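This report concerns only the one structure given below.
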Amino acid sequence: MGKTIIISNRLPVQLQISNGDITAIPSVGGLATGMKSVHSGGDSLWIGWSGLTDEEIPKALAPKIDKALSEHGSSKVNLTADEVDGFYFGFSNRTIWPLFHYFLEYSEFELDNWNIYKQVNQKFADAILKVANDDDIIWVHDYQLMLVPQMVREKKPNISIGFFLHIPFPSFEIFRTLPWREEILEGLLGSDLIGFHTYDYERHFLSSVRRLLGLEVSFNDIHMDERVIKVDSFPMGIDYKKFSEAALKNQNTPPGEQSELQRRLYKHKKTDPDAKFFLSIDRLDYTKGIAKRLNAFEYFLNKYPQYKEKVRLIILAVPSRSNVPQYQLLKREIDELVGRINGEFSTVSWTPIWYFYRSMPFENLIDLYTTCDIAWLTPIRDGMNLVAKEYIATRTDRTGVLILSEMAGSANEMNEAILINPNNFEQTADALNQAITMPVEEQQERNRVLQKRLERYNVEKWANDFMGSLLDQKEKDFSHVAR
Ligand code: ADQ
34 MGKTIIISNR LPVQLQISNG DITAIPSVGG LATGMKSVHS GGDSLWIGWS GLTDEEIPKA
94 LAPKIDKALS EHGSSKVNLT ADEVDGFYFG FSNRTIWPLF HYFLEYSEFE LDNWNIYKQV
154 NQKFADAILK VANDDDIIWV HDYQLMLVPQ MVREKKPNIS IGFFLHIPFP SFEIFRTLPW
214 REEILEGLLG SDLIGFHTYD YERHFLSSVR RLLGLEVSFN DIHMDERVIK VDSFPMGIDY
274 KKFSEAALKN QNTPPGEQSE LQRRLYKHKK TDPDAKFFLS IDRLDYTKGI AKRLNAFEYF
334 LNKYPQYKEK VRLIILAVPS RSNVPQYQLL KREIDELVGR INGEFSTVSW TPIWYFYRSM
394 PFENLIDLYT TCDIAWLTPI RDGMNLVAKE YIATRTDRTG VLILSEMAGS ANEMNEAILI
454 NPNNFEQTAD ALNQAITMPV EEQQERNRVL QKRLERYNVE KWANDFMGSL LDQKEKDFSH
514 VAR
């Protein structure tokens, strides 16, 4: 077996330029952590965009950048500002992202962006082809690179290619509205294995393949020309140990070393032991249902006025894609809602919503997970939602309640949470009441089951299962050829 090549839009390292020098800092995100077992040692390479456009990279620094990246087993694809605009902000985030999350009305069908998407996918494919041998294993990630498998297959018919989609695959009725639907399916079908977070996304994909391309599908195998493409679900997990250990460390931090946030949260709890903290953490994205959650919070305070001055909603919204108009509008809407609700309900001693619009260091994220009594995570659509899993992993004494949207992929594996439809305010308000009044023993029993499952199906298992399945598929192909 040859080397493993991982391809994603962004590399698992961040570049920092200062004083004419360059440093590559490894990212701590879920994908980078999850791929650790696959991307380690000298036998793997990660190809992606560095986050800096060609215009932003000083010419003199280019060789240094390549060297810094190669020390992390990475190699970059060069993109101009116009390419990032059309490929990433354009086709990926203004066409595919809204469409695949069922926001049909936000989806723009711009021919120019589609052409740039094809051009940039070709750049990624060329970067692979430059270094790939026939016995290498290629793992392509996510909706920005759906044409890459076919582009590589054309030139290297025998190479092994896997693709994983991190967002939902929509139903046929939604997917069929895309003007370039056949090209996207054919792009994906260059793979030997196509993975999704859930069985439902897998079924939607198979249905589109059958109805739009007329291909034969038997169980989860697609027959195309002489090839068999396997489609399967691989629900992504988290680095369970990292979160549970960080939580333990956090709780044992001596008062003098606690963060300002942790100190304040503890102080509030001490002054009013009956007070309850609700936690909402997401990238600021319309799919995450933050505005709806705020409206539901207002509804809850009116329906259950006994909780006024007792509950507090902490909203952490991470800035995201802020040059796409829909995200700017949403930011304004959330700012206004927070202002209006706080204005309506605040008293001299109580502000119902604490709103943070920023990314937070890992330690502060853990401060929030460990001190908030209820995690309220209700996306309108979400491929998986790892925050829900992270919250449960940090509950070392097993207290805490998770209220989760049925529309998140993670709901499939988290039946012990309180599952709700985020569009139903009545149900949401009652779920919050149920969470506040839930006996400690019940919280612990629910979390015990959840923790056991999350610990077992962690992110390393996810990556290894996918790779194992891809290798099996390759072996099957070889035995087919041998016959
Ligand atoms: P996202 O839409 O980004 O991911 P999610 O799965 O919740 O959503 O992952 C967010 C990650 O960011 C979490 O690991 C969390 O710890 C981190 N994070 C959140 N808030 C933060 C903050 N304020 N500061 C620092 N870090 C923060 C996409 C899909 C999801 C899918 C994942 C993985 O949209 O549906 O679950 O990919 O496949």
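The sequence shown begins at 34 in the working numbering and counts up by one.
Every residue, glycine too, gets a C-beta built ideally from N, C-alpha and C.
All of these numbers come straight from a predicted model, not from anything done at the bench.
Q) For the region 177-237, which segments carrying the beta strand (DSSP E) assignment without a break, of at least 3 residues, lie completely within its bounds, in sequence order? A) 193-197, 226-229
**Q.** Endpoints, beta strand (DSSP E) assigned at Y388
**A.** DSSP places Y388 inside the beta strand (DSSP E), whose first and last residues are 386-390.
Q | Three-state class that DSSP yields for D272 in the structure shown | A | Annotated three-state conformation of D272 is coil, per DSSP.
Q: List the DSSP bridge partners of H174.
A: F197
**Q.** Assigned exposure category for S103 - 16 Cβ within 10 Å defines buried
**A.** In this structure S103 is exposed. Its beta-carbon is surrounded by fewer than 16 other beta-carbon atoms within 10 angstroms.
Q: Measure from the alpha carbon of L180 to the alpha carbon of each residue in N166, D159, K163, M34, then state which is nearest.
A: Taking only the C-alpha atoms, the option nearest L180 is D159.
Q. G220 to P182, Cα distance in whole Å?
A. 6 angstroms
Q: With DSSP as the reference, please indicate the residues paired to E249 in a beta bridge.
A: H256
Q: Could you tell me if A515 is buried or exposed, where buried requires 16 or more neighbouring beta carbons within 10 angstroms of its beta carbon?
A: Residue confidence is low: A515 scores 47 on pLDDT, short of 50, so the model does not pin down where it sits. No coordinate-derived value is stated.
Q. So, is V164 buried or exposed, given that buried needs 16 or more other C-beta atoms within 10 angstroms?
A. exposed
Q: For R296, count neighbouring C-beta atoms within 10 Å of its own C-beta (all shown protein chains included) and say buried if the count is 16 or more, exposed if not.
A: exposed
**Q.** Short Cβ contact (8 angstroms threshold) for T128 with N146
**A.** Going by C-beta atoms, T128 is nearer than 8 angstroms to N146.
Q.
Tell me which residue opens and which closes the beta strand (DSSP E) that L85 is part of.
A. L85 -> no beta strand (DSSP E), and no H or E assigned at all.
Q: Inspect the beta-carbon positions of F330 and C405 and report whether they are closer than 8 angstroms.
A: no
Q.
If you follow the alpha helix (DSSP H) that T404 is in, where does it begin and where does it stop?
A. Per DSSP, the unbroken alpha helix (DSSP H) holding T404 starts and ends at 395-404.
Q.
Less than 8 angstroms between the beta carbons of P212 and H237, yes or no?
A. Cβ atoms of P212 and H237: not closer than 8 angstroms.
Q: Could you tell me if A101 is buried or exposed, where buried requires 16 or more neighbouring beta carbons within 10 angstroms of its beta carbon?
A: buried
Q) How long is the line joining the alpha carbons of H1 and G416, rounded to whole angstroms? A) In this structure the chain extends from 34 to 516, so residue 1 is not present and cannot be described.
Q: Compute every distance between the C-beta of E423 and the non-hydrogen atoms of the ligand ADQ, then say whether any falls below 7 angstroms.
A: yes
**Q.** Any non-hydrogen atom of the ligand ADQ closer than 7 angstroms to V357 Cβ
**A.** It does not: the Cβ of V357 is nowhere closer than 7 angstroms to a heavy atom of the ligand ADQ.
**Q.** Contact set for L298: own chain, Cβ-Cβ below 6 angstroms, skip 5 residues either direction
**A.** T404
Q | Helix, strand or coil at K109 according to DSSP, with G and I counted as helix | A | strand
Q | Any 3 or more C-beta pairs closer than 8 angstroms across the region 279-287 and the region 374-383 | A | no
Q: Could you have a look at L239 and say whether DSSP puts it in helix, strand or coil?
A: helix
Q: Please state whether DSSP places T37 in a helix, a strand or coil.
A: strand
**Q.** F136 - containing beta strand (DSSP E), residue span
**A.** From DSSP, F136 is part of no beta strand (DSSP E); its letter is neither H nor E.
Q | For G67 and L349, the rounded distance between their alpha carbons | A | Going by C-alpha positions, L349 is about 24 angstroms away from G67.
Q: Tell me the start and end of each unbroken alpha helix (DSSP H) in the region 272-346 that is at least 4 residues and wholly inside, in chain order.
A: 273-284, 293-304, 323-336
Q | H174 burial status per 10 Å Cβ neighbour count (16 or more: buried) | A | buried
Q) Closest by CA to E478, which one among N448, I55, G289, D463? A) N448
Q: Select from R316, Y402, I217 the residue whose C-alpha is nearest the C-alpha of L363.
A: Measuring from the Cα of L363, the nearest candidate turns out to be R316.
Q | C-beta contact flag for V153 and M500 at 8 angstroms | A | no
Q: Kindly indicate which three-state DSSP category P96 falls into: helix, strand or coil?
A: Helix.
Q: Tell me whether the beta-carbon of P268 lies closer than 8 angstroms to the beta-carbon of E446.
A: yes
(Q) For D99 and S266, what's the separation of their Cα atoms in angstroms? (A) 35 angstroms
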